[in-house]
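Visitor: Read in order, the letters of the sequence shown are residues 0 to 346 in numbering that gives the first Met the number 0.
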Amino acid sequence: MQEQIEFGNNKSESHQSNAGSEPRQEGSLVGQHRAGVGRVLSDVDSSSQIVSLSPDGTHIAKIYHGSAHEQCDHLESHYAPQQISLIYWDPPFFTGRQHEAEQGAFSDAWPDLSTYLDWIRNHIERWRSLLTDDGFLVVHCDWHAGHYIKVIGDMVMGWDNFRNEIVWHYTGRRQPARLRVNAKHDTLFVWAKTDAATFFPIFDPYDRDGYVNMKKQPVHIDEDGREWIWGHRGKGQSHAYRIYIDEAVSRGKAIDTVWDIPIINTTAKERVGYPTQKPVQLLSRLINLCTEPNDWIWDPMAGSGTTLVAAITEGRNVFGGDNNPQALSLMQQRLNDLSASHRQLTF
Ligand SMILES: C[S@@+](CC[C@H](N)C(=O)[O-])C[C@H]1O[C@@H](n2cnc3c(N)ncnc32)[C@H](O)[C@@H]1O
0 MQEQIEFGNN
10 KSESHQSNAG
20 SEPRQEGSLV
30 GQHRAGVGRV
40 LSDVDSSSQI
50 VSLSPDGTHI
60 AKIYHGSAHE
70 QCDHLESHYA
80 PQQISLIYWD
90 PPFFTGRQHE
100 AEQGAFSDAW
110 PDLSTYLDWI
120 RNHIERWRSL
130 LTDDGFLVVH
140 CDWHAGHYIK
150 VIGDMVMGWD
160 NFRNEIVWHY
170 TGRRQPARLR
180 VNAKHDTLFV
190 WAKTDAATFF
200 PIFDPYDRDG
210 YVNMKKQPVH
220 IDEDGREWIW
230 GHRGKGQSHA
240 YRIYIDEAVS
250 RGKAIDTVWD
260 IPIINTTAKE
270 RVGYPTQKPV
280 QLLSRLINLC
290 TEPNDWIWDP
300 MAGSGTTLVA
310 AITEGRNVFG
320 GDNNPQALSL
330 MQQRLNDLSA
340 SHRQLTF
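(1) Is G302 a contact residue of ligand 1, with contact defined as CB to any heavy atom under 6 Å?
(2) Ligand 1 heavy atoms versus the CB of Y210: any closer than 6 Å?
(3) Buried or exposed: where does R241 fall if 16 or more other Cβ atoms within 10 Å of its Cβ makes it buried?
(4) I want to check one thing, is the minimum distance from the CB of Y63 to the heavy atoms of ligand 1 below 6 Å?
(5) What first and last residue would you give for the alpha helix (DSSP H) that runs through E69?
(6) Is the beta carbon of F105 within less than 6 Å of some heavy atom of ligand 1?
(7) Below 7 Å between beta carbons: does that hold for F135 and A60?
(8) Verify the contact flag: N322, CB atom, against every heavy atom of ligand 1, threshold strictly below 6 Å.
(9) Note the first and the last residue of the continuous beta strand (DSSP E) segment covering R120.
(10) Using 10 angstroms around the beta-carbon of L334, count the other beta-carbons present and answer buried if the total reaches 16, otherwise exposed.
(11) List, from N- to C-terminal side, the alpha helix (DSSP H) runs of 4 residues or more that fit wholly inside the stretch 276 to 338.
(12) Cβ of T114 versus every heavy atom of ligand 1: is any distance shorter than 6 Å?
(13) From W142 to I148, what distance separates their C-alpha atoms?
(14) Evaluate H219 with the Cβ neighbour count: other Cβ atoms within 10 Å of its Cβ, from every protein chain shown; 16 or more gives buried, anything less gives exposed.
(15) Taking 6 Å as the cut-off, does the CB of Y147 come closer than this to any heavy atom belonging to ligand 1?
(16) Just to check, is the beta-carbon of D185 closer than 6 Å to a non-hydrogen atom of ligand 1?
Right under this line is the structure:
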């Protein structure tokens, strides 16, 4: 399953590859359902900076050892444009800190805000052309610089293409507020490439009591013993109808922009010891919202590889990378673990 295991030191695919010295190969990253043509992928790239795996035997995860710009060079020079359905970017947040944990470290210290924001803009500006017309760019950030990132993203992607600000709300230790109230959310800004992009609706389950409490209406029971409440067709319309509670509960509720998902605590099984590791549940939800099975996703600063794990688990293909060797080995380890669990399931 693993095509190549050496990352090597071959930096020949740095920015110069944009200059056109490398012959362009029109590989396809697109799944059949979107392109309508047969070539699903892929293995046109033989860079020593890539490890290519197929943990479930069907979908592909490509791990690139190098900076986000090098990854972009690689995608531009090896594949036709417009083949990525989702770019998820979780950059350092401008915390001014050196992030450290048992299995990795990376710096988030910058000379000043404008240097950081130039860096943000330089990346986003290059990525739009890689997206499919119905693709999405999602930038994950927090209060440190999120408001500036929103403005930069609007300038690059178009204000009209901004779709949502998703709030990832989580629990954790809380201090009594003195200088600042506890900040317990991150922000995910979602831009579509064009009007052609549509989400794939997600519904959260209701439990019966939660539904009834939310509706604040008396519950009736029909002749067959089924519970129902009155529904109304909206303002100005007197027409009332029955809503059967079992049906409403099984339909679930369409999600909104606040996602309550626990952070990975110190004893979580999922925890791999990389600083700022995000939960698979968060990425799975985002992937299901923005992409279809077999689509391609790119995470240019993938850290411990959460996006890769979620993508393969959800039946997508994924290209991910990082410039930190500690991140690379964790990513590879997590995908190997997925392969092992898949083998256990299938044999
Ligand atoms: C916030 S962390 C990503 C965490 C990841 N989402 C996870 O769940 O583990 C940001 C990552 O960006 C990487 N990084 C910083 N600058 C980079 C660059 N220029 N190119 C590639 N990766 C970079 C860091 O090494 C770090 O792993």
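Note that beta-carbon positions come from the ideal geometry of N, C-alpha and C, so glycine has one too.
Guide: Taking the coordinates as given:
(1) Checking the Cβ of G302 against ligand 1 gives yes.
(2) No, the Cβ of Y210 stays beyond 6 Å of every heavy atom of ligand 1.
(3) Classification of R241: exposed, given that the 10 Å Cβ count is below 16.
(4) Every heavy atom of ligand 1 is 6 Å or more from the Cβ of Y63, so no.
(5) Where E69 is concerned, the enclosing alpha helix (DSSP H) stretches over A67 to H77.
(6) Flag set: Cβ of F105 near ligand 1.
(7) Taking 7 Å as the Cβ cut-off, F135 and A60 do not qualify as a contacting pair.
(8) N322: yes, Cβ under 6 Å from ligand 1.
(9) Here R120 belongs to no beta strand (DSSP E); instead the alpha helix (DSSP H) covers L112 to W126.
(10) Classified as buried, L334 has 16 or more neighbouring CB atoms from the shown chains inside 10 Å of its CB.
(11) The qualifying runs are 279 to 289 and 305 to 312.
(12) Checking every heavy atom of ligand 1 against the Cβ of T114, none is found closer than 6 Å.
(13) Whole-angstrom Cα-Cα distance: 10 Å.
(14) By the 16-neighbour rule on beta-carbons within 10 angstroms, H219 is exposed.
(15) Placement of the Cβ of Y147 at a distance of 6 Å or more from every heavy atom of ligand 1 is found.
(16) No, ligand 1 has no heavy atom inside 6 Å of this Cβ.
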